[in-house]
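Asker: This is the structure I want to talk about, given as structure tokens.
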Amino acid sequence: MIERAFKTLVLGVGNKLMSDEGIGVHVIERLASRYKLPEEVQVLDGGTLGLDLLYYLEGIENLLIVDAAQTGREAGTMIRLEDDEVPAFMSVKISPHQMGVPDMLAAAKMKDIYPKRLVLWGIQPDEITLSLDLSPTLASKVDSLTDKLVDELRGWGYEPIPVS
């Protein structure tokens, strides 16, 4: 097993070319630009890599994922899922990359590198179209979703420090 300096991975997944489908990447970019994180925390743009992300799970104790989530609720509605709820929820796919995330988690279990703590923060997309821009609905939620990640990290004993 790989020994890493970081024990927590904040993973933004999604395709920024498909409007709201890229919300996870937009949120981790905001997190990385607005906060200095402890060295034990790594922020990663997982894009649409799926199984290729398995390498990054080695040595990880905590995995925090942010992504678009098809909930059937009003656009912009946020949800928090943890542990076994995450792969079960992500088995209902809204985009091609989500096929890889449940597979990555299943492979992590088989390789005995499954994180001790797993949380998904998801948000109901408004539109998934070919566009680099988020819909106005989701663009207005980037800061509040970033705050949810910061609160989650604080709950895990980390102190993200705002940068000016």
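Whatever position you read off the sequence shown (first residue = 1), add 937 for the working numbering.
The beta carbon of each residue, even a glycine, is placed where N, CA and C say it ideally should be.
Whose C-beta lies closer than 6 Å to the C-beta of Leu-990 among residues of the same chain, with five residues either side of it excluded?
Answerer: The residues are Gly-983 and Met-1041.
Asker: What residue from Asp-1080, Arg-1054, Asp-1070 and Pro-1073 has the CA that sits closest to Gly-1092's CA?
Answerer: Ranking Asp-1080, Arg-1054, Asp-1070 and Pro-1073 by Cα distance to Gly-1092 puts Arg-1054 first.
Asker: According to DSSP, is Lys-882 part of a helix, a strand, or is it coil?
Answerer: Not covered by the structure: residue 882. The range shown for the chain is 938 to 1101.
Asker: Tell me the DSSP secondary structure of Ala-1012 in three-state form.
Answerer: Of the three classes helix, strand and coil, the one that applies to Ala-1012 here is coil, per DSSP.
Asker: Keeping to the same chain, check which residues put their C-beta closer than 8 Å to that of Asp-1070; ignore five residues upstream and five downstream.
Answerer: Excluding sequence neighbours, Asp-1070 sits near Ser-956 and Ala-1076.
Asker: Counting Cβ pairs closer than 8 Å, one from the stretch 1008 to 1028 and one from the stretch 963 to 983, do we hit at least three?
Answerer: Judged by Cβ distances under 8 Å, the stretch 1008 to 1028 makes no contact with the stretch 963 to 983, as fewer than three pairs qualify.
Asker: Out of curiosity, what's the CA-to-CA distance linking Asp-1020 and Ser-1081?
Answerer: Between Asp-1020 and Ser-1081, the C-alpha separation is close to 22 Å.
Asker: Are there 16 or more other CB atoms within 10 angstroms of the CB of Leu-994, so buried, or fewer, so exposed?
Answerer: With 16 or more Cβ atoms within 10 Å of its Cβ, Leu-994 is classed as buried.
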